[in-house]
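Just so you know, the working numbering puts the end of the sequence shown at 702, numbered straight through with nothing missing. Using N, Cα and C, we set each Cβ at its ideal position, and we do this for glycine too. One structure is given here, and the rest of the page talks about it.
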Amino acid sequence: MSNPQQLRYSKEHEWLSAAEDGVSTIGITEFAANALGDVVYADLPAVGTEVTAGETCGELESTKSVSELYSPVTGEVVEINEDVVNDPSLVNSAPFAGGWLFKVRVSGEQDDLLDADAYDAHTAG
């Protein structure tokens, strides 16, 4: 499993892109998608919602379980991925591409975000 080097990761298995014009894209990692199994439903935060770093902001349901989503940043949700709402399996087939979850205008972030190598070490144990 290869985690993109340009992203940062939370210990709760979300990834975060570098902010472009103050907006970052958030998704879950391939590790999390594999652990969940086939994702069948995505409950994402609504556009305009304020999310808080480290707090729950939605959930993903799979054929195995329900997993809470945690926001790695604080800010306002500016877009959700309607493709994932309509086809949640994108989270499994393309977690770092078409399976992204939502975008946030960032006003703060978690202090303990990991780079790809540190995330690899975190998931190796």
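Inter-residue spacing [alpha-carbon to alpha-carbon] between residue i and residue j
i	j	result
Glu-632	Thr-606	17 Å
Pro-622	Val-643	16 Å
Pro-672	Lys-680	14 Å
Ala-674	Asp-598	19 Å
Thr-700	Pro-581	14 Å
Asp-697	Gln-583	14 Å
Ala-695	Gly-685	21 Å
Whole-angstrom C-beta distance between residue j and residue i, which should lie under 8 Å
i	j	result
Gly-635	Val-683	Gly-635 to Val-683, Cβ: 17 Å. No contact.
Val-549	Ser-639	Nothing can be reported for residue 549: it is not among the residues displayed for the chain, which extend from 578 to 702.
Ala-619	Leu-637	6 Å
Thr-591	Ile-603	Sequence inspection shows Glu at residue 591; the Thr mentioned does not correspond to that position. The pair is a contact, with the Cβ atoms about 6 Å apart (cut-off 8 Å).
Short Cβ contact (8 Å threshold) for residue i with residue j
i	j	result
Ser-711	Ser-594	The requested residue 711 does not occur in the structure, where the chain is confined to residues 578 to 702.
Val-654	Thr-629	no
Asp-692	Arg-585	yes
Asn-663	Trp-677	no
Of all the alpha helix (DSSP H) runs that stay within the bounds of the region 589-628, which reach a length of 4 or more residues? Here the runs fully enclosed are 607-613.
Cβ pair count under 8 Å reaching 3, the region 666-677 against the region 640-647: Flag = no, the region 666-677 and the region 640-647 do not touch.
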